[in-house]
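Heads up: the structure comes next, in structure tokens.
Protein chains: 2
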Amino acid sequence: MRLAELSERSGVSTATIKYYLREGLLPPGHRVTATTAEYDAGHLRRLRLVRALIQVGGVPVATAREVLGHVDDESLGRTVRLGAALWALPHAPEPDEDDPAVVAARAEVDRLLESLGWETARELAPLSPVHRSLVVAVATLRRLGYLWDAELMAPYGELMHQVARRQLDFMETHASPTEQVELAVASAVLFEPVLRALHRLAQEEESARRYGIE
Amino acid sequence: MRLAELSERSGVSTATIKYYLREGLLPPGHRVTATTAEYDAGHLRRLRLVRALIQVGGVPVATAREVLGHVDDESLGRTVRLGAALWALPHAPEPDEDDPAVVAARAEVDRLLESLGWETARELAPLSPVHRSLVVAVATLRRLGYLWDAELMAPYGELMHQVARRQLDFMETHASPTEQVELAVASAVLFEPVLRALHRLAQEEESARRYGIE
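Heads up: the protein sequence lines correspond to chains H and A, in order.
So for the first sequence, this note's numbering puts the first residue at 72; every next one is plus one.
So for the second sequence, this note's numbering puts the first residue at 72; every next one is plus one.
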């Protein structure tokens, strides 16, 4: 398809598509003549992913380019390619390690990962911004006097593990490895709002069931 | 305890406590003399909740006052008091009902609630900003070409229901109804970052288990 059709089918203006092409977020089309190029289904999919990252996820253009670079780098392991977006999303800043709430939170998160048997998450901990975000969130709770510990968190960890397993199972139903990685990256950005809304709706439902609606 | 001790034990400056008192976010202390007042454990707990809402949840002062008004209003049903913070948090704006993606998303969310048997959530749907957020999130996915439907979402809804049940069970272990409501409001704000981090960490763990770390 030509640029005009790509624009029509993706709902993205030709000016924006040209901008993404210049910024290297979208691979160039296949040259037909000096002034026209052909685009294919891969371009359409990639455009969808770029919009998910930038417009929905609020990821800066430079970060999106970095994420897509990892997605396309077939020399990288699949875990790294899948995790590219997860690690590139905004995360909590480095916590203050002198803060007793941070020290206690880190110890509880360590105990949690041990009790869940999440061995690789423990291995990746020193590098992972995701691990850091959990430490910061638990430290915030503890600082306010809500003493969340490993025992309290473990059942939620198990439930989130079921969510993650189901997401990867779904991803694996997709044909090509490129499509799988693209889907994983998009869902890192797009699925969180769905999960949060489902959680809030479940709270509403369960609370109304137990205590009625007046 | 006096104001100085309340400040020390809560980690909130006396200036900020006085501001919260003036704004009606914290009930006045018990007058001892014309210039001094006594504060109790209830004040300490309330201060913790105010900080959770304002500093962690980013809730504006006027909204926090509204939420706390609901929390304290014993004439309201428990579901409304518990849900006060949930409804006051920032939510998606009204979707464009002429957008075919919104129409399709709303139909899928209706089918989802029916298949889950979430009757009260269905009843509250026209009023609920939580329901609206789910429609908007699903519409965004569909607009990008990810055709999420009721069947795909149902298992995640079941898992989130388990999370919500566990949260209410925990809340019910607390002594007084006021403490229970305060805990529910605080957790609406504070627990979401923990759940999100656990979800991301579970994705990291499951992906590393399946595809290894290179």
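Here a beta-carbon is modelled for each residue, glycine too, at the ideal position from N, C-alpha and C.
Just so you know, these numbers come straight off a predicted model, no measurement behind them.
**OP:** Identify the continuous alpha helix (DSSP H) that holds GLU185(A) and give its terminal residues.
**Re:** From DSSP, the alpha helix (DSSP H) with GLU185(A) extends over 171–187.
**OP:** Return no unless some Cβ of chain H is closer than 8 angstroms to the Cβ of THR211(A).
**Re:** Output row for THR211(A): interface = yes.
Original post:
Can you name the residues of chain H whose CB is closer than 7 angstroms to the CB of HIS202(A)?
Top reply: Under the 7 angstroms cutoff, chain H gives LEU272.
**OP:** Could you tell me whether the Cβ of LEU266(A) comes closer than 8 angstroms to any Cβ of chain D?
**Re:** Looking for chain D here will not work: the only protein chains present are H and A.
Subject >> Inside the segment 192–247 of chain A only - alpha helix (DSSP H) runs reaching at least 4 residues >> reply: Every alpha helix (DSSP H) of 4 residues or more that sits fully in the segment 192–247 of chain A is shown, in chain order, as 200–214, 221–243.
**OP:** Look up GLU109(H) in the DSSP assignment and say whether it is helix, strand or coil.
**Re:** Strand, per DSSP.
Subject >> Residue(s) in a DSSP beta bridge with HIS141(H) >> reply: In the DSSP output, where bridge partners are listed per residue, HIS141(H) has none listed.
Original post:
Can you tell which of ARG281(A), ALA221(A), GLN251(A), LEU230(A) has its C-alpha closest to the C-alpha of LEU182(A)?
Top reply: Here residue 182(A) turns out to be Arg, not Leu, going by the sequence shown. Closest option to ARG182(A), Cα to Cα, is ALA221(A).
Subject >> Contacting residues, own chain, Cβ-Cβ under 8 angstroms from VAL138(H) (five flanking each side not counted) >> reply: These residues qualify, in order along the chain: LEU124, VAL130, ALA155, ALA156, ALA159, VAL256.
**OP:** Report the neighbours of GLY228(A) on chain H: residues whose CB is nearer than 9 angstroms to its CB, in chain order.
**Re:** Taking a Cβ-Cβ threshold of 9 angstroms, the residues of chain H close to GLY228(A) are LEU269, LEU272, ALA273, in chain order.
Subject >> Close Cβ partners of LEU120(A) (< 7 angstroms) along its chain, the five nearest in sequence each way excluded >> reply: Take LEU120(A), set aside five residues on each side of it, and the residues of its chain with a beta-carbon closer than 7 angstroms to its own are GLU253, VAL256, ALA257, in chain order.
Subject >> Nearest neighbour of VAL234(H), chosen from MET224(A), LEU205(A), THR191(A), ASP240(A) [CA to CA] >> reply: Ranking the options by Cα distance to VAL234(H), first place goes to MET224(A).
Subject >> Beta-carbon proximity list for LEU297(A), same chain, < 8 angstroms, skipping 5 on both sides >> reply: There is no way to answer for residue 297(A), as the model of chain A reaches only from 72 to 285.
**OP:** Name, please, each residue of chain H whose Cβ falls closer than 8 angstroms to the Cβ of VAL234(A).
**Re:** What VAL234(A) touches in chain H: TYR227, LEU230, HIS270, ALA273.
Original post:
Bridge partners of ARG102(A), per DSSP?
Top reply: Per DSSP, the beta-bridge partners of ARG102(A) are ALA108(A).
Subject >> chain H within 8 angstroms of GLU222(A), Cβ atoms only >> reply: No Cβ of chain H is located within less than 8 angstroms of the beta carbon of GLU222(A).
**OP:** Express the C-alpha separation of ARG267(H) and PRO197(H) in angstroms, rounding to a whole number.
**Re:** So the two alpha carbons sit approximately 27 angstroms from each other.
**OP:** Answer yes or no: do LEU205(H) and VAL180(H) have a C-beta to C-beta separation smaller than 8 angstroms?
**Re:** Taking 8 angstroms as the Cβ cut-off, LEU205(H) and VAL180(H) qualify as a contacting pair.
Subject >> Alpha carbon of ARG93(A) to alpha carbon of LEU215(H), nearest angstrom >> reply: Just so you know, the alpha carbons of ARG93(A) and LEU215(H) end up roughly 22 angstroms apart.
Original post:
Which residues of chain A have a Cβ atom closer than 7 angstroms to the Cβ of ILE88(H), listed in chain order?
Top reply: Residues of chain A passing the Cβ test: none, with the nearest at roughly 15 angstroms.
Original post:
Which residues mark the beginning and the end of the alpha helix (DSSP H) in which LEU153(A) is found?
Top reply: Segment 149–159, the alpha helix (DSSP H) holding LEU153(A).
Subject >> Inter-stretch contact at 8 angstroms, needing at least 3 Cβ pairs: the segment 270–282 of chain A / the segment 236–249 of chain H >> reply: Because the criterion of three Cβ pairs below 8 angstroms is met, the segment 270–282 of chain A and the segment 236–249 of chain H touch.
**OP:** Give a yes or no on whether 8 angstroms exceeds the smallest Cβ distance from VAL142(H) to chain A.
**Re:** Between VAL142(H) and chain A, the shortest Cβ-Cβ separation is not below 8 angstroms.
**OP:** Go ahead and pull the three-state DSSP assignment for HIS162(A).
**Re:** When secondary structure is reduced to three states using DSSP, HIS162(A) falls in the coil class, being assigned neither helix nor strand.
**OP:** Determine, using beta carbons only, whether ALA208(H) comes closer than 8 angstroms to chain A.
**Re:** Judged by the 8 angstroms Cβ criterion, ALA208(H) is in contact with chain A.
Subject >> Buried versus exposed, by CB contacts within 10 Å (16 or more), PRO264(H) >> reply: Buried.
Original post:
Any idea what DSSP makes of PRO310(H), helix, strand or coil?
Top reply: Here chain H covers residues 72 to 285 and nothing more, so residue 310(H) does not appear.
Original post:
My guess is that LEU187(A) and TYR227(H) are in contact by the Cβ rule of under 8 angstroms, so how many angstroms apart are they, rounded?
Top reply: Wrong, their Cβ atoms sit about 20 angstroms apart, outside the cutoff.
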